[in-house]
Amino acid sequence: MKIEDQKLRNIGISAHIDSGKTTLTERILYYTKRIHAIHDVKGKDGVGATMDSMELEKERGITIASAATYCEWRGHEINIIDTPGHVDFTIEVERSLRVLDGAILVLCSVGGVQSQSITVDRQMKRYKVPCIAFINKCDRSGANPFRVISQLRTKLGHNAVAMQIPIGLENETEGVVDLVGMKALYFDGDNGEIVREAEIPQNLLEEAKVKREELIDAASLFSDELTDAILNEAEITSELMYAALRKGTLERKITPVYMGSAYKNKAIQPLLDGVNYLLPCPSEVENVAMDMDKNEEIVTLENDPEKPIVALVFKLEDGQYGQLTYIRVYQGTLAKGSTIVNIRNGKKVKVGRVVRMHAEQMEDVEYLRAGYIGALFGIECSSGDTFTSPGINLTMISMYVPKPVISLAIVPKDNKSQLAMAKALNRFSKEDPTFKTFVDAETNDTIIEGMGELHLDIYVERMRREYGADVTTGKPRVAYRETITQRAEFNYTHKKQTGGAGQFGRIAGYLEPISDAEFIFENKIFGGAIPTQYIPACEKGFKQSMAKGPKLEFPITGVKVVINDGASHAVDSSDMAFQAAARGAFKDAYLRAKPVVHEPIMKVVVETPVEFQGPVMGLLNQRRGMIIGSQDEDVMCVIEAQVPLAEMFGFSTILRSATQGKAQFTMEFAIYRQVPQSIAEKIALEAAENKKSAA
Amino acid sequence: MIKKEMIYRNPLVNLGYENEDILSNGGFGAVLAYAGVGKTALLVQVALNAMLREQPILHVSLNDAVSKVDVWYQELFHNIAANSGVAEVSEYWDKIQPYRFIMTFKVEGFSAPKLEERLTDLLQQNIFKPHMVIIDGFKFDEAGRGQLVQLKELARKYFMSVWFTVHTHRHEPPQDNGLPLSFLHVADLFDVIVQLAAKGDEVYIKSLKGKSTDSTQDSLILDPATMLIKNGK
Chain P
1 MKIEDQKLRN IGISAHIDSG KTTLTERILY YTKRIHAIHD VKGKDGVGAT
51 MDSMELEKER GITIASAATY CEWRGHEINI IDTPGHVDFT IEVERSLRVL
101 DGAILVLCSV GGVQSQSITV DRQMKRYKVP CIAFINKCDR SGANPFRVIS
151 QLRTKLGHNA VAMQIPIGLE NETEGVVDLV GMKALYFDGD NGEIVREAEI
201 PQNLLEEAKV KREELIDAAS LFSDELTDAI LNEAEITSEL MYAALRKGTL
251 ERKITPVYMG SAYKNKAIQP LLDGVNYLLP CPSEVENVAM DMDKNEEIVT
301 LENDPEKPIV ALVFKLEDGQ YGQLTYIRVY QGTLAKGSTI VNIRNGKKVK
351 VGRVVRMHAE QMEDVEYLRA GYIGALFGIE CSSGDTFTSP GINLTMISMY
401 VPKPVISLAI VPKDNKSQLA MAKALNRFSK EDPTFKTFVD AETNDTIIEG
451 MGELHLDIYV ERMRREYGAD VTTGKPRVAY RETITQRAEF NYTHKKQTGG
501 AGQFGRIAGY LEPISDAEFI FENKIFGGAI PTQYIPACEK GFKQSMAKGP
551 KLEFPITGVK VVINDGASHA VDSSDMAFQA AARGAFKDAY LRAKPVVHEP
601 IMKVVVETPV EFQGPVMGLL NQRRGMIIGS QDEDVMCVIE AQVPLAEMFG
651 FSTILRSATQ GKAQFTMEFA IYRQVPQSIA EKIALEAAEN KKSAA
Chain E
1 MIKKEMIYRN PLVNLGYENE DILSNGGFGA VLAYAGVGKT ALLVQVALNA
51 MLREQPILHV SLNDAVSKVD VWYQELFHNI AANSGVAEVS EYWDKIQPYR
101 FIMTFKVEGF SAPKLEERLT DLLQQNIFKP HMVIIDGFKF DEAGRGQLVQ
151 LKELARKYFM SVWFTVHTHR HEPPQDNGLP LSFLHVADLF DVIVQLAAKG
201 DEVYIKSLKG KSTDSTQDSL ILDPATMLIK NGK
């Protein structure tokens with residue numbers, strides 16, 4: 001490949017919804033000559049922005065799936081992943097951050113640091129992604145980039161420093177002053193494609209000097225040479241400044257801030273220079289894998305094209321040419337015709353077409369070298385799979401995948417829709433690890449699970465639009481369980497004589513609660529009261545009874561069954577008779593064993609700005625939540641609670657509105673706990689009604 | 001249903017303090033020790049005693065994350081339950097856990113007004129009203145007396161007692177009264193002061209202030225394996 005590693009950048013563009021990142025990406029592609037015309041995000045001209053490849057995205061003006069693309073800027077090759085900004089699609093953002101080496105954090109110069117900026121920033125911190133910031137929409141009324149810089153410091157804790165100051169704001173936006181080169185930059189031509197350098201306007205000179213001093217001060221912390229130059233009053237060159245700023249950025253100790261207006265074609269080119277100067281190349285980022293042969297020992301990967309291949313699938317897309325597998329190569333060279341192994345299932349595959357993507361268009365290449373992002377055709381795999389050269393057994397550390405928090409039943413309207421739905425579900429669950437689907441054995445309903453209402457909503461919409469599946473959705477449901485609380489004896493005889501061979505079996509023993517297993521069966525019969533050949537039938541009968549409680553019909557758990565006596569008949573006893581006897585015995589004893597309903601309790605962790613700590617605790621408390629604790633972390637605070645799942649439906653919406661969208665939460669199953677009496681009564685009533693309506 | 005009640009006395013009562021609470025509303029108590037000797041473990045036991053008596057505990061940690069503090073409680077509770085022969089440990093834990101609330105702050109971000117702000121959040125919404133507060137990791141050598149006076153006022157205002165861990169340093173020899181120099185400026189604010197000291201394989205708990213005068217018990221021993229009180233001496 002023609003570009004050397006030092007001149008390669010894998011970057012993400014992360015931001016809050018509507019901060020203009022798709023427009024920014026569009027402009028980047030335009031200035032790097034990957035596209036030759038500019039389109040609007042919302043598709044006013046019927047074409048839509050190039051990165052938003054899905055119809056639904058174009059319509060809603062949001063980016064759902066991250067399309068990977070690449071471009072070249074001043075001798076550097078830049079791979080860009082456009083990432084979604086909505087909280088329900090964070091898996092997409094998280095995946096991007098897993099494979100990227102650096103990011104541009106886009107902020108709105110009017111809205112500043114808000115809602116998802118905080119979420120996205122925390123994700124970047126989690127994956128230690130170095131970033132530079134771009135304050136967009138400087139042409140908007142109320143634009144104030146320095147207020148946003150101050151918010152970056154106070155709300156996100158970034159050591160943010162301005163790389164530029166604006167020449168005019170709002171509708172007077174003309175350009176920017178580059179504080180490193182100390183020159184004014186204007187963007188001429190129909191689409192701002194001609195960058196014109198000029199003297200700094202007199203009215204801005206003083207401000208520029210002050211801001212440059214601030215920038216040099218901040219940068220000097222990362223460079224002794226720069227400090228020496230300051231102390232010796234020597235000339236401070238751009239190279240010296242960029243070297244220092246780059247070091248700070250890579251260590252995530254400084255955030256250089258660019259500004260402009262993507263929509264008005266202002267100051268995108270200097271941002272691209274910033275990507276080249278300040279963000280890391282693949283070899284500057286440490287990537288690790290786990291060695292499956294050595295008890296998951298951590299292995300540091302080498303960004304060396306000569307080493308065995310290690311590559312991670314981070315996205316699948318079902319395009320017009322079949323399944324497209326987006327892949328990042330961490331080590332070795334993934335060439336057309338080479339053989340690679342999917343570590344998850346050990347399957348060997350031969351690499352067919354290798355392409356580099358530009359949204360929906362693609363370009364065939366011969367190989368992808370370590371550090372590169374591209375796509376493969378015709379590879380059967382799932383998102384998150386690791387591919388390696390044969391003979392090594394390394395897997396990339398699995399990505400952080402939040403557990404689904406909501407489930408819905410979906411019902412296709414007709415046969416055609418059912419087929420389309422199955423196809424869609426298969427695709428979605430491969431594409432998105434947070435989207436799960438299964439068939440409820442009891443109701444035969446197809447259940448989908450995901451990260452939030454909007455998440456599922458979008459998939460249902462996609463099912464309808466892309467796959468033509470007409471489906472209706474049910475209400476979200478909770479998986480209750482029943483268990484017993486005390487020992488109860490049974491002595492049950494099953495006897496039936498209805499012509500022909502009769503049925504006879506007597507079983508005696510007891511049920512008792514256990515906490516560390518779902519079901520235990522113990523045979524304490526001595527002397528053959530029940531012949532040995534019927535004991536498995538007894539166990540089977542009891543086990544069958546566990547599937548559905550006699551009263552509320554929830555699955556039963558935590559029961560030990562002990563049989564210690566019984567009787568059989570030489571002619572009328574059979575497996576079937578003892579199974580029936582066991583079922584009868586269970587039913588008989590169960591109600592005397594004081595059954596109770598257990599509900600899933602979720603561990604809920606809410607991350608919220610501290611000013612919303614009180615309201616968030618209130619919300620959790622109202623939901624029968626028990627707050628374990630709260631953790632203050634500078635501007636943010638983390639509240640950990642245990643809340644019944646039944647109370648969590650609709651929580652994301654309520655949380656968003658209570659915190660101006662600035663809080664986010666994760667939820668995972670913690671424990672099953674007994675439902676309070678009042679709630680149990682309500683559940684019993686609902687169960688009875690459901691039973692009635694089903695009948 | 002829990003068949004056997006768990007009996008667990010406040011481990012410090014044996015040192016000669018008058019009742020299980022030891023501290024009255026607005027009272028301050030301190031556990032002094034070098035790093036790693038068992039200050040947190042001892043105060044978690046004091047907290048567990050209160051939780052078993054259905055008294056709400058607010059545990060403020062300036063060092064550890066919520067999850068780590070929780071592990072302290074779970075570990076010690078399991079040890080205590082094992083000693084008491086209670087079988088339904090998890091049911092018992094479920095029963096007493098609501099009497100505990102953990103708050104963690106970054107040391108530099110902690111202050112009496114901040115704690116009051118958080119407390120008000122809890123009180124106003126009727127989420128949690130602590131009877132006792134444990135503050136683990138407070139920097140006595142850096143904080144001025146003013147901070148503690150403010151905390152004392154807060155404790156009085158909300159009818160709470162407060163226990164602190166006090167990290168002492170080996171390079172700082174104790175004064176005549178056994179207290180480190182860095183603690184002297186605030187010692188008068190404290191009603192009860194106990195000290196943990198490791199000697200050989202054992203950890204001794206000694207009362208430095210506040211025990212009843214007719215008490216004969218001089219010190220207790222903390223078992224380093226379980227971090228529970230072993231016996232008196």
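In the order they appear, the protein sequences are chains P and E.
For what it's worth, this note's numbering labels the leading residue of the first sequence as 1, then goes sequentially.
For what it's worth, this note's numbering labels the leading residue of the second sequence as 1, then goes sequentially.
Using N, Cα and C, we set each Cβ at its ideal position, and we do this for glycine too.
Note down, in chain order, each residue of its chain lying with its Cβ closer than 7 Å to the Cβ of residue i, except the 5 sequence neighbours on either side.
| i | result |
| --- | --- |
| E:Phe-190 | Phe-28, Gly-29, Ala-30, Lys-209 |
| P:Ile-167 | Glu-174, Gly-175, Val-176, Val-177, Ala-184, Pro-201, Leu-204 |
| P:Phe-428 | Phe-435, Tyr-459 |
| P:Thr-557 | Arg-481, Thr-483, Glu-518 |
| P:Thr-300 | Glu-286, Val-288 |
| P:Leu-456 | Ile-406, Leu-408, Ile-448, Gly-450 |
| P:Ala-529 | Asp-565, Gly-566, Ala-567 |
Let me know the secondary structure DSSP gives residue i once reduced to three states.
| i | result |
| --- | --- |
| E:Gln-55 | coil |
| E:Pro-224 | coil |
| P:Lys-495 | strand |
| P:Ile-639 | strand |
| P:Ile-683 | helix |
| E:Asn-177 | coil |
| P:Thr-173 | coil |
| P:Leu-655 | helix |
| P:Glu-55 | Bear in mind that the predicted position of P:Glu-55 carries a pLDDT of just 49, short of 50, making it unreliable; the figure below should be weighed with that in mind. P:Glu-55: helix per DSSP, three-state reduction. |
| E:Asn-83 | helix |
| P:Gln-363 | For the record, residue 363 of chain P in the displayed sequence is Glu; it is not Gln. Strand, per DSSP. |
| E:Ile-102 | strand |
| P:Ile-327 | strand |
Which same chain residues, not among the five before or five after residue i, have their C-beta less than 6 Å away from its C-beta?
| i | result |
| --- | --- |
| P:Leu-271 | Phe-134, Tyr-258 |
| E:Val-60 | Met-103, Ile-135 |
| P:Gly-248 | Phe-222, Ile-254 |
| P:Gln-674 | Val-596, His-598 |
Let me confirm a value: residue i is counted as buried when at least 16 other C-beta atoms fall within 10 Å, else exposed. Which label applies?
| i | result |
| --- | --- |
| E:Phe-159 | exposed |
| E:Met-103 | buried |
| P:Gly-371 | buried |
| P:Asn-265 | buried |
| P:Phe-526 | exposed |
| P:Arg-126 | exposed |
| P:Thr-532 | exposed |
| P:Gly-549 | buried |
Flag residue i as yes when its Cβ comes closer than 6 Å to any non-hydrogen atom of the ligand GDP, and as no otherwise.
| i | result |
| --- | --- |
| P:Ala-680 | The ligand GDP is not part of this structure, which contains no ligands at all. |
Please work out which residues of its chain come closer than 8 Å, Cβ to Cβ, to residue i, disregarding the five sequence neighbours upstream and downstream, and give them in chain order.
| i | result |
| --- | --- |
| E:Arg-156 | Asn-25, Gly-26 |
| P:Leu-721 | For residue 721 of chain P there is no data in the structure shown, the boundaries of chain P being 1 and 695. |
With distances taken Cα to Cα, identify the nearest neighbour of residue i among the options.
| i | options | result |
| --- | --- | --- |
| E:Ala-112 | E:Asp-176, E:Arg-100, E:Ile-57, E:Ala-143 | E:Ala-143 |
| P:Thr-325 | P:Val-355, P:Leu-179, P:Ile-563, P:Lys-594 | P:Val-355 |
| P:Val-696 | P:Ser-573, P:Ile-535, P:Met-576 | Limits of chain P in this structure are 1 at one end and 695 at the other, which puts residue 696 of chain P out of reach. |
| P:Glu-518 | P:Thr-498, P:Pro-550, P:Pro-555, P:Phe-504 | P:Pro-555 |
| P:Ala-670 | P:Gly-614, P:Glu-599, P:Glu-686, P:Asp-632 | P:Glu-599 |
| P:Asn-287 | P:Arg-153, P:Gln-269, P:Gln-331 | P:Gln-331 |
| P:Pro-433 | P:Phe-586, P:Met-617, P:Lys-266, P:Ser-382 | P:Ser-382 |
| E:Ala-50 | E:Gln-124, E:Ile-134, E:Asn-79, E:Thr-226 | E:Ile-134 |
| P:Val-604 | P:Phe-651, P:Ala-593, P:Ala-570, P:Gly-584 | P:Phe-651 |
| E:Asp-70 | E:Phe-164, E:Gly-85, E:Tyr-34, E:Ala-41 | E:Ala-41 |
| P:Ser-573 | P:Arg-27, P:Thr-446, P:Lys-347, P:Lys-495 | P:Lys-495 |
| P:Ala-488 | P:Gly-468, P:Asp-188, P:Glu-633, P:Pro-513 | P:Pro-513 |
| P:Arg-252 | P:Asn-171, P:Ala-160, P:Lys-524, P:Leu-620 | P:Ala-160 |
| E:Gln-74 | E:Leu-58, E:Asp-94, E:Asp-64 | E:Asp-94 |
| E:Ile-96 | E:Arg-53, E:Asp-188, E:Leu-184, E:Phe-105 | E:Arg-53 |
| P:Ala-162 | P:Thr-666, P:Ser-150, P:Glu-170, P:Asp-414 | P:Ser-150 |
For this session: Within the region 556-611 of chain P, note down every full beta strand (DSSP E) run reaching 3 residues or more, in order along the chain.
Result: 559-567, 595-609
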